[in-house]
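J.: First residue of the sequence shown? That's 8 in the working numbering, and the numbers climb one at a time after it. All C-beta atoms in this analysis are idealised placements derived from N, C-alpha and C, irrespective of residue type, glycine included. The structure is given below, and queries will be raised subsequently.
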Amino acid sequence: MVRPKKFLGQHFLKDQNIAQKIVDALTLPESKSFVLEIGPGTGVLTQYLVKRQNVDLHLVEIDRESVAYLKDHFPNLTSKISEGDFLKMDLKDLTERDIHIIGNFPYNISSQIFFSVLKHRSQVKQVVCMLQKEVADRIAEKQGSKTYGILSVLLQAYYNIGYLFKVPPGVFHPPPKVMSAVIRLTRNEREHLPCDEALFQKVVKQGFQNRRKTLRNALKPLNLPAPIIALTQLDLRAEQLGVEEFIALTLQIEQAGGV
8 MVRPKKFLGQ HFLKDQNIAQ KIVDALTLPE SKSFVLEIGP GTGVLTQYLV
58 KRQNVDLHLV EIDRESVAYL KDHFPNLTSK ISEGDFLKMD LKDLTERDIH
108 IIGNFPYNIS SQIFFSVLKH RSQVKQVVCM LQKEVADRIA EKQGSKTYGI
158 LSVLLQAYYN IGYLFKVPPG VFHPPPKVMS AVIRLTRNER EHLPCDEALF
208 QKVVKQGFQN RRKTLRNALK PLNLPAPIIA LTQLDLRAEQ LGVEEFIALT
258 LQIEQAGGV
């Protein structure tokens, strides 16, 4: 049996009903879709994924002990198991096809996984995942909330977020000290932002760096041109701006020759 490793943030789901619900939340076309499971561990989701006829399943797992277990219990998947760190992967090396991601994400790297998803957003069409409830809340939150932040804005710019259900600690081994939640991200129709996308990320990140400050003060390190500093919307705090308003602000900065 695979031992959960604290340094990898492993908490193995043991509730079969919840595992089935997570897999059922993955909405796919009838034709076979490339599905990548991140951190399958002992295969609690894998066992249900392999039963779906429209799933071309691939796994990525960093834990050598788990990889050995998966190859032993799912021999048909042996050639489709990548041993390594998802965060260091270029998804183009896996496939040129669209990718649907599923997984019980380790709490300690869930935010980094989403930044990697953003990097590969042209390929990643859907993400169904279980993660720490606090992070799930942040991703799904709308403007005006104290929970709303960098990940909320960046992910909502490219994905529609569905908050599916909460999961208590007792269904894991070992049980985490926090609640979990399952969310689904579905790629929206926006191929590109109407502004410089790198600048958009920079403005959003800097805006939330000191979230108690007004944007005028929070964005000072960007040395914005005077016409931008004079904008009335900079009297607001970052959490008060929606995705479209951040896009509009970035466009104004770009047009004013800032950053």
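1. With a threshold of 16 other CB atoms inside 10 Å of the CB of E196, please say whether the residue is buried or exposed.
2. Pick from P183, I157 and N167: whose alpha carbon is nearest that of F207?
3. Under DSSP, the beta strand (DSSP E) around N302 begins and ends at which residues?
4. Assuming L192 and Y170 are in contact, meaning their beta carbons sit under 8 Å apart, how far apart are those beta carbons, in whole angstroms?
5. Please name the residue, chosen from D105, K21 and S73, that lies closest to P36 on a Cα-to-Cα basis.
6. Rank T53, I29 and K95 by C-alpha distance to the C-alpha of N83 and give the top, closest one.
7. Taking its Cβ as the centre, do 16 or more other Cβ atoms sit within 10 Å of V185, making it buried, or is it exposed?
8. Report the CB separation of L98 from H80 in whole angstroms; it is logged as a contact under 8 Å.
9. My guess is that T102 and F179 are in contact by the Cβ rule of under 8 Å, so how many angstroms apart are they, rounded?
10. Hey, out of P182, L125 and E246, whose CA is closest to K13's CA?
11. Over what stretch of residues does the beta strand (DSSP E) that includes E68 continue unbroken?
12. Note down the Cα distance separating V131 from E44, rounded to an integer number of angstroms.
T.: Checking against the coordinates, here is how it stands:
1. As a working mapping, residue 196 is identified with position 189 in the sequence shown. By the neighbour-count rule (16 or more Cβ atoms within 10 Å), E196 is not buried but exposed.
2. Counting from one through the sequence shown, the residue named residue 207 turns up at place 200. Comparing Cα-Cα distances from F207 to each of P183, I157 and N167, the minimum goes to I157.
3. In the structure as shown, the chain starts at 8 and stops at 266, and residue 302 therefore has no counterpart that could be examined.
4. Counting from one through the sequence shown, the residue named residue 192 turns up at place 185. Counting from one through the sequence shown, the residue named residue 170 turns up at place 163. Contact flag wrong, Cβ pair sits at about 11 Å.
5. The residue labelled residue 36 in the question sits at position 29 within the sequence shown. Checked all of D105, K21 and S73; the closest Cα to P36 is D105.
6. Taking the sequence shown and counting its residues from 1, the one referred to as residue 83 is at position 76. With distances taken between Cα atoms, N83 lies closest to T53.
7. By one-based count along the sequence shown, residue 185 stands at place 178. Counting Cβ neighbours within 10 Å, V185 comes out exposed, since fewer than 16 surround it.
8. To locate residue 98, count along the sequence shown from 1; it is residue 91. To locate residue 80, count along the sequence shown from 1; it is residue 73. Between H80 and L98 the Cβ distance is about 25 Å, and since that is not below 8 Å, they are no contact.
9. If you number the sequence shown from 1, residue 102 lands on position 95. If you number the sequence shown from 1, residue 179 lands on position 172. Not really, about 31 Å apart at Cβ, beyond 8 Å.
10. Along the sequence shown, read from residue 1 onward, the residue named residue 13 stands at position 6. When only C-alpha atoms are compared, the closest one is P182.
11. Position 61 of the sequence shown holds residue 68. Note, E68: beta strand (DSSP E), V62 to E68.
12. Counting from 1 along the sequence shown, the entry for residue 131 is found at position 124. Counting from 1 along the sequence shown, the entry for residue 44 is found at position 37. Each residue's Cα considered, the two are about 12 Å apart.
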